[in-house]
Amino acid sequence: MAATGCADGAVRSEHRVTIEGRTLAYTACAGTLTLRDDAGEPLADLFYTAYFAPGETRAVPRPLTFVWNGGPGADSRLLHFEALGPRVLRDGALVDNPATPLPASDLVFLDPADTGFSRARSDAARKRLYSTTGDIAATRDFIVAFRAAYGRVGSPLFLVGESFGTWRAAGAAEALADSGEDVAGIGLVSGGIPLGESDDRALMRALSLPGRTAAAAAHGKLAGDLMADPVAAIAAAERWARATWYPALADPQGLSDAERARVVAGLARFHGIAPEAIDPQTLWVSPRDFRTALLADRGQTLDVFDMRKAGAPDDDPRAEAAILRYYRESLDVEGGTYAGIEGEALPVGAGWQYDQAPITEESLARALAGEGPPSPSQPWTLRALRKMPAMRVFVAAGLYDSLNSCAANEATVAALPPGAASRIALHCYAGGHMMYDDPAVARLFGADVSAFLGNSGKSRDRD
1 MAATGCADGA VRSEHRVTIE GRTLAYTACA GTLTLRDDAG EPLADLFYTA
51 YFAPGETRAV PRPLTFVWNG GPGADSRLLH FEALGPRVLR DGALVDNPAT
101 PLPASDLVFL DPADTGFSRA RSDAARKRLY STTGDIAATR DFIVAFRAAY
151 GRVGSPLFLV GESFGTWRAA GAAEALADSG EDVAGIGLVS GGIPLGESDD
201 RALMRALSLP GRTAAAAAHG KLAGDLMADP VAAIAAAERW ARATWYPALA
251 DPQGLSDAER ARVVAGLARF HGIAPEAIDP QTLWVSPRDF RTALLADRGQ
301 TLDVFDMRKA GAPDDDPRAE AAILRYYRES LDVEGGTYAG IEGEALPVGA
351 GWQYDQAPIT EESLARALAG EGPPSPSQPW TLRALRKMPA MRVFVAAGLY
401 DSLNSCAANE ATVAALPPGA ASRIALHCYA GGHMMYDDPA VARLFGADVS
451 AFLGNSGKSR DRD
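With the first letter of the sequence shown counted as 1, position 148 gets the number 148 in full-length UniProt numbering; the numbers rise by one all the way through.
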């Protein structure tokens, strides 16, 4: 490590944050690390923002947590400035974040290649880095290089990713294990649990129903008896989904006409949509079908990320200006262009290669209907758990997220071997994909993440 406390080429600055009446002093290091290929040629300069707080001793090193978002092609802005960083956006301005887990762990926010200030060095490098396997390898290499540059090889290591970033977290954890590095835990936020192709897609689909019932209740679209007690309605939806919709989805052709009619009626009731919007042959209501059907009478479509909302939220130019000002003035970052704020976002997602598993006609159709990426993950999470017996997993989902399901996460973990299931903590929040955009939920989320990173044993069970 350089004498300044930051790695060579990084800019150091000193800050303070007030958390529950207490002031915590911390150091920020903003810089880049250059990744190279096997021949030593540079691939990319990856930008990071690292925060270090006092508390580490030779006997008890502080945990070190790497954080990123997803996309693919997203920078780390959301988790950095809306959830976990020491400064958080509120009404277009950055203020102290009472929910930051910085007291529990040092934090490193990573912008993947061609996001934020990070840049790939060549078109050949982009071809390699714009892929699931290339991205995982680059993430592993960055973590190894960062820990060496900052003298943190002995620190407990955590990886936290959101959405597609859960693939990066789980995949990098296994890659690190294969390189002889130990990972204490991974945080999987709004991306499910990367375990490969589902063994029971009918069950996973059926368990999307509780979140949809919750969304229908939020819009006042359920029948009167269900609207009278939305919490009970959500619980009833899950019971019905397991007992009735699941077997119907598993074998729709085995139903009699009367049974099929009863399933359609139940789907209409718990979805808050007209029976005519339901395919009576497949009995499946895709995420996209539900989002377009619920408020069709109002000419509105539910937001992908938070089904309590209609349409897509507008970007707040005040927030972008505040983030850029923070980098330039508070962290003293000079040079470079922040993709997506100072310049156009680069087409990372458009050029992405899902090379971790084949894209089939069926998997592509699922993706187009809103059921996730165009090909499944690898079972990175389970393999990492097997390779690192002490590793733990934190899973977070928002009830109103059309891309995830709290109930499906619970069923997924229940089906795992006991030795793996017991090391996974599930959390369900009253929010969407970015559940932390509500300050009250952000406090719960931050407390849970802090408990997980601090290994305090105080992390809440699934709500």
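Built from N, CA and C at the ideal position, the CB exists for glycine as well.
How close, in whole Å, do the beta carbons of residue i and residue j come, if the pair is a contact with beta carbons under 8 Å?
i, j, result
"I186", "N409", "About 14 Å separates the two Cβ atoms, so there is no contact after all."
"V395", "A425", "7 Å"
"L24", "A53", "6 Å"
"A99", "G431", "At roughly 13 Å, the Cβ-Cβ gap does not stay under 8 Å, so A99 and G431 are not in contact."
"residue 465", "A113", "This structure leaves residue 465 out entirely; the chain is present only between 1 and 463."
"E371", "S286", "7 Å"
If you count every other CB in all the chains shown that lies within 10 Å of the CB of residue i, and 16 or more means buried, which is it?
i, result
"T139", "buried"
"L368", "exposed"
"G151", "exposed"
"P317", "exposed"
"A223", "exposed"
"S122", "exposed"
"V76", "With the sequence shown as reference, residue 76 is identified as Ser, and Val is not the correct amino acid for it. It is buried - the Cβ of S76 has at least 16 other Cβ atoms within 10 Å."
"A241", "buried"
"G85", "buried"
"A440", "exposed"
"S179", "exposed"
"P156", "buried"
"E361", "exposed"
"R126", "buried"
"A232", "exposed"
"V60", "exposed"
"R168", "buried"
"D303", "buried"
"T32", "buried"
"G55", "exposed"
"T412", "buried"
"R87", "buried"
"A442", "buried"
"D141", "buried"
"F290", "buried"
"E238", "buried"
"E174", "buried"
"G191", "buried"
Bridge partners of residue i, per DSSP?
i, result
"L64", "D106, L157"
"Y246", "DSSP, once it has assigned bridges, lists no residue as partnering Y246."
"E162", "V189"
"D96", "R87"
"T32", "F47"
"T27", "E14, F52"
"F142", "Beta-bridge pairing links F142 to no other residue."
"L426", "V395"
"Q281", "Beta-bridge pairing links Q281 to no other residue."
Report the rounded CA-to-CA distance for residue i versus residue j, giving the unit in angstroms.
i, j, result
"T132", "L46", "17 Å"
"A258", "A206", "20 Å"
"H15", "T27", "6 Å"
"R392", "V189", "14 Å"
"A277", "L159", "41 Å"
"L346", "P280", "43 Å"
"S13", "G398", "35 Å"
"P247", "A202", "8 Å"
"A148", "L324", "29 Å"
"D111", "G165", "11 Å"
"P210", "L453", "30 Å"
"D299", "T292", "Just to set this straight, residue 299 is Gly in the shown sequence, not Asp. The alpha-carbon atoms of G299 and T292 are separated by roughly 9 Å."
"L385", "D314", "40 Å"
"D37", "T115", "20 Å"
"P374", "A365", "8 Å"
"E41", "G154", "28 Å"
"Y326", "T282", "51 Å"
"A30", "V333", "7 Å"
"R212", "D306", "11 Å"
"A261", "D229", "26 Å"
"K387", "S377", "18 Å"
"E20", "L444", "14 Å"
"G351", "D200", "31 Å"
"W284", "A268", "12 Å"
"A218", "L294", "11 Å"
"F109", "E162", "12 Å"
"D438", "S402", "17 Å"
Is the CB of residue i under 9 Å away from at least one CB in chain D?
i, result
"L302", "In the displayed structure, chain D is absent; only one protein chain is listed."
Touch test, the stretch 348 to 366 against the stretch 267 to 276, Cβ-Cβ under 8 Å, three pairs minimum: Segments in contact, no.
Meets three-Cβ-pair contact criterion under 8 Å: the stretch 368 to 385 and the stretch 102 to 109: Short answer: they don't touch.
The stretch 413 to 424 / the stretch 237 to 257 touching (three or more Cβ pairs under 8 Å): No: the two stretches stay apart, fewer than three of their Cβ pairs being nearer than 8 Å.
Contact between the stretch 88 to 98 and the stretch 65 to 73 (3+ Cβ pairs under 8 Å): A contact is defined here as three or more CB-CB pairs under 8 Å, and the stretch 88 to 98 fails this definition with respect to the stretch 65 to 73.
At least three beta-carbon pairs within less than 8 Å, the stretch 9 to 24 to the stretch 69 to 83: Contact between the stretch 9 to 24 and the stretch 69 to 83 is absent: fewer than three C-beta pairs spanning the two stretches fall below 8 Å.
Inter-stretch contact (C-beta, 8 Å, three-pair minimum) for the stretch 75 to 83 and the stretch 306 to 315: No contact exists between the stretch 75 to 83 and the stretch 306 to 315.
The stretch 336 to 350 in contact with the stretch 114 to 121 per 3-pair CB rule at 8 Å: Taking a cut-off of 8 Å for Cβ pairs, the stretch 336 to 350 and the stretch 114 to 121 touch, as three or more such pairs fall below it.
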